[in-house]
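Note sheet for the following structure.
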Amino acid sequence: MRKYRLMRIVSMILITVSAFLIMPIANGEQPLTENSLLDLFVIVAIGVFFSIFIFKETFEKQYKKEKSEKDERYFRNRNTFSFYFIIISAILVPILLTVLSAKEKVEVSLSSLAIGYIVICFFYMFCLEIIQRKA
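Here my numbering is used: the first residue of the sequence shown is 726, the next is one more, and so on.
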């Protein structure tokens with residue numbers, strides 16, 4: 726149970742930090758400024774506080790639910806999907822960038838890349854959720 730809680734806290738911190746780095750880029754702003762670093766520290770501290778003290782019952786329910794739902798078939802389906810998702814991404818991204826660079830006046834901005842990354846991450850998480858519910 727402690728390992729599960731620790732992993733949830735670490736994943737929450739990593740997701741928060743990556744969101745604070747990517748979202749300003751998606752808006753066309755500088756990602757690391759004095760205000761954003763202070764905001765990041767405050768939000769991570771609040772999130773860790775809530776995840777440790779307030780959501781204890783929720784953690785226990787989720788832990789029991791995930792423990793009962795995870796079986797070999799779910800792991801096999803998830804790993805197969807993740808493998809093919811990475812392979813398809815590794816094939817499509819260079820092709821897409823080659824096609825975009827072949828046009829002379831097309832420039833891909835960092836904000837467009839950040840938005841694309843966010844969309845791909847949400848699609849991946851959505852597909853994993855579907856796989857988990859079917860298992």
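Think of the CB as a built atom: it goes at the ideal place given N, C-alpha and C, for glycine as much as any other residue.
Would you kindly check if the distance between the Cβ of residue j and the Cβ of residue i is under 8 Å?
i: I856; j: F806; result: yes
i: F810; j: Y849; result: yes
i: S836; j: N752; result: yes
i: L825; j: V833; result: yes
i: L765; j: V742; result: yes
i: L853; j: R803; result: yes
Between residue i and residue j, which are expected to be in contact by the criterion C-beta below 8 Å, what is the C-beta distance as a whole number of angstroms?
i: I738; j: V773; result: 7 Å
i: I747; j: A839; result: 5 Å
Where does residue i sit, in a helix, a strand or coil, going by DSSP?
i: G753; result: coil
i: S836; result: helix
i: K828; result: coil
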